[in-house]
Amino acid sequence: MQQNPQLELANNFVQHTNRNIFLTGKAGTGKTTFLHQLKKTSHKRMAVVAPTGVAAINAGGVTIHSLFQLPFGPYIPQQENTDRNSQYKKQFNREKINLIRSLDLLVIDEISMVRADVLDAIDDVLRRYRNRSKPFGGVQLLMIGDLHQLSPIANKEELQLLKPYYDTLYFFASKALQQTPLVNIELKHIYRQADTAFIGLLNAVRENRISKQILEDLNRRFVPHFKTNEAEGYITLTTHNNSAQRLNDQKLAEIKETTYHFKAVVQGDFPEYAYPTVADLELKVGAQVMFVKNDSSRDKLFYNGKIGKVVRIADEVIYIKCAGEQDEIGVGPMVWQNIKYALNTATKEVQENVIGSFTQHPLRLAWAITIHKSQGLTFEKAIIDAEDAFTHGQVYVALSRCKTLEGMVLSSPLKSKSVITDSTIAAYTSESERNEPNENILNEAKKTFQETLLRELFDFNLMKFKYFSLLKSAEENDQALVGNFAQTLHEIKAAAEKEIYAVAQKFQTELNQLLQQPELPENHEALQERVKKASTYFASKLEQMLFLPLKKMAVETDNKAIRKSVQGALTGLKQEVTVKLYIIKQAAINGFNALAYLQNKANAAIDLSTAEDKTSASSQNQTAAAVVNVDHPELFTTLRNWRNQVADEKNIPPFHIFSQKVLTEMVTLLPSTLAELESIKGMGPVKVKQYGEEILKLINAYSEEKQIQRQRIDLNVPKENVTSETKQVSFGLFRAGKTIAEIAAERNLTAGTIEGHLLHFVALGELEISQVFSQDVVAQISNYLSKNQPESLTEAKNALGDAVSYNALRAVLKHLNYQYPQRADG
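Using UniProt numbering, read the sequence shown as starting at 1 and increasing by one per residue.
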């Protein structure tokens, strides 16, 4: 295609900005050609959709409704909970979610036929699975079409439902689209027609500038009782399908030749509404036909819309003779493919998978065709029957199918009322023409696009929000969660606030100053160097303070609803941290590049999602090592799995056998008799009778394997005090002169667990801290705490290093609280 400034501008906006684009132009200006070229050259991951099956097949894409799983019915904006809209809330499978999350660009062909509410339904889906705060989830839209051609359709009921929400049904009334700055680019150069006088007439019809002179010029092509010469290959364009069908049947019946039937072969998924031609093609020698596919061979003997006559049929080959050509064209069956978009998790590319095919001769009877089906086609000679035009754009579509004025014949004179033009379209087009983009606007959009992504790279607000959601959920359900889940989150949060979020906020200010320069961020050397250094810092902090600690955290509770809630919040936070860490690490190495940023962000999300799929089954039975602050984690896992299996067999909730709290006490106290087991609060005689023998068998086997010397449980102690007995045992052994390591070995517990037991007595003042930890460690921690007053244990731990344990920190805090009660907040 020759140099075309509007096409180049459109290509630059698509490739180098995130602006939503409406690419329009008169019939024959190369919109479809641009789309096919874009699919070959664009580095952005894209999907192509269209409102109808045939349009989707012609565009090499899929229908809007199939990609976004939309029902056929109106979408009511801002009423997500209505019964009508509930059908729009179908859950997508993981493959579809990954595909949607990977998209950079969504191309919508034949946008003139897409209703505003359908665009808002697309927005709903994209926000749900991408970024809820951004229109269309942050996906860039390229909408291609001509508003002066065929318009959206709605029945009376749909119109009544949508009228309160939309002033018009055209796509530009979409609530989501109105939240974004839309670039309107109109292609000017017409490739289909070369006659400037005819182009002028078409423009007048398109733009509703129908004067008396225009009508007279057009109506000169009205030929009463026009008799076609079969050799010339005229096709009649009608407004209604039954008129076209009737004329084709009549003409075919008049031919006294043998009838041939050619049956299409349909394989896989290829719905009938998307058939590009008839499944049962009935032909005779002498029939006028139209090619419905381009010749993909090097010879390019035919194109979609070319008219000819059947001259002979032999061995499944149909020979066509076209007007003005000497040679026959022999054509056999050809294949149309129905594709489905999928994400290649290895390459991270959006790929087209063939899910069905339609094989048929690329022909249809062509004495007549509806104006609707002629959209996008070009005819050398056509008879226009538009007297009964009933919708906006029909007459223009019909007239603009013709290459020349001389090749067009009107079967009835055109009247002003036949040319139906929507005033809304005229007003929108006029406004768009006054605001046409230029190179300056393009450069501004490029810079804004890069600046937006760069600020997003160092924006941790979404991470903070997800952390807050997790912490809130953990605090609300703290009693039901095993271990110090909420406390651990608080400690992580305090450190992240100081060393990540606060620093990021200061860096954003510096970033804004650097972005004041006129250069594009990608070309700004000083900025790129600063980005690398900042990324190196944040990558280190993210990994140490959030990624690694969160990776070790697991949700343990008997309550399924609580587990689902907290686990969902934890997973969401982990995903956000993982993705952010990945893209910041890439920026630390390579600096900032807009396309690379988008690719890295999508790749990280896809990799994480794929990894979650692989581990989802095992995550239901996480290893006890992931459970924090639980004695004998292996036994914990064994007892829990046994309990869950029995619960499944009895079809009862697991906590009906024993609760998570009881389970924790079992692995702490290690009962060796039924009486000792019954002494645990929550285990009554009925449960002991039902399950006691099995429970003890598992505990005894574990204790023997680990050679644990168990202490007997004092059965005279009230049940509510039994849990303190294990601490008392450790305390007694310590007072007897055994070291922490010796006690841990004897009781088959970790040294950290024994330290935790002894901390209880440090806090009570019954044990000197110097007996547990060295005086140097205590002094080091005390000095640090008094001078720095850290907000969390994590902050102190990071400052003091590996030489100091968390238990030592907690011991000093408890010791200080005992000596100086007024510092209980410290």
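Ideal Cβ placement from N, Cα and C applies to all residues, glycine included.
For residue i, the three-state DSSP class (helix, strand or coil)
i           : result
E543        : helix
W336        : strand
E705        : helix
V627        : Reliability fails at V627, whose pLDDT of 48 lies under 50, so the model's placement of it is uncertain and no value is given.
E525        : helix
V49         : strand
I185        : strand
R712        : coil
L150        : coil
L237        : strand
Y260        : strand
R115        : coil
M683        : coil
R364        : strand
S357        : strand
residue 827 : Absent from the model: residue 827. The displayed extent of the chain is 1 to 826, so no value can be given.
A386        : coil
T378        : coil
V812        : helix
Bridge partner(s) assigned by DSSP for residue i
i    : result
E510 : According to DSSP, E510 bridges with nothing at all.
R455 : Per DSSP, none; premise fails for R455.
E352 : Y341
F222 : L410
T63  : A50
M143 : F22, I108
I369 : L237
V777 : Bridge partners of V777: none, in fact.
V265 : T359
CB-CB length for residue i against residue j, believed under 8 Å
i           : j    : result
Y341        : G330 : The pair is not a contact, with the Cβ atoms about 35 Å apart (cut-off 8 Å).
V667        : L677 : In fact, because the Cβ distance is near 12 Å, the residues do not count as touching under 8 Å.
F270        : G332 : Rounded, the Cβ-Cβ distance is 19 Å, inconsistent with contact.
L457        : A587 : 6 Å
residue 831 : L698 : Residue numbering for the chain in the displayed model covers 1 to 826; residue 831 lies beyond these limits and cannot be assessed.
V409        : Y234 : 7 Å
Y75         : I100 : Wrong, their Cβ atoms sit about 17 Å apart, outside the cutoff.
L35         : V14  : With 8 Å as the limit, L35 and V14 do not qualify as a contact, their Cβ atoms being about 10 Å apart.
L141        : N241 : L141 to N241, Cβ: 32 Å. No contact.
K560        : I583 : Not really, about 34 Å apart at Cβ, beyond 8 Å.
S412        : F222 : 7 Å
T236        : A386 : The Cβ separation is near 11 Å, so there is no contact.
L103        : L177 : That pair is no contact at about 17 Å.
F262        : L281 : 4 Å
Beta-carbon proximity list for residue i, same chain, < 7 Å, skipping 5 on both sides
i    : result
N248 : L365, W367, A368
A751 : I740, A741, A744
Q337 : V354, S357
N807 : G752, E755, G756, L759
K321 : G308, K309, V311, E328
L581 : A539, L542, E543, F547
A173 : A116, Y166, D167
P344 : Per the sequence shown, the amino acid found at residue 344 is Asn instead of Pro. Q351, listed in sequence order.
P152 : M113, V114, R115, L169, Y170
Neighbourhood of residue i by C-beta, 6 Å cutoff - its chain only, sequence neighbours within 5 removed
i    : result
T24  : D146, E186
P437 : V183
V125 : F68
Y273 : G53
T17  : A445, K446, F449
beta-carbon residue i near the ligand ADP non-hydrogen atom, thresh 6 Å
i    : result
E328 : Here there are no bound small molecules, and the ligand ADP is not part of this structure.
Beta-carbon proximity list for residue i, same chain, < 8 Å, skipping 5 on both sides
i    : result
A121 : F68, L70, Y75, Y88
A480 : T557, D558, N559, I562, Q660
- request: Taking only runs that begin and end inside the region 1-25, name each unbroken alpha helix (DSSP H) of 4 or more residues, in chain order.
  value: 5-16
field: Length at least 3, wholly inside the region 267-333: the beta strand (DSSP E) runs in chain order
entry: 280-283, 288-291, 307-314, 317-321, 329-331
message: Suppose only complete runs of 4+ residues qualify. What are the alpha helix (DSSP H) ranges in the region 553-600, listed by chain order?
response: 560-590
Runs of alpha helix (DSSP H) lying entirely within the region 478-508, each at least 4 residues, in chain order: 485-496
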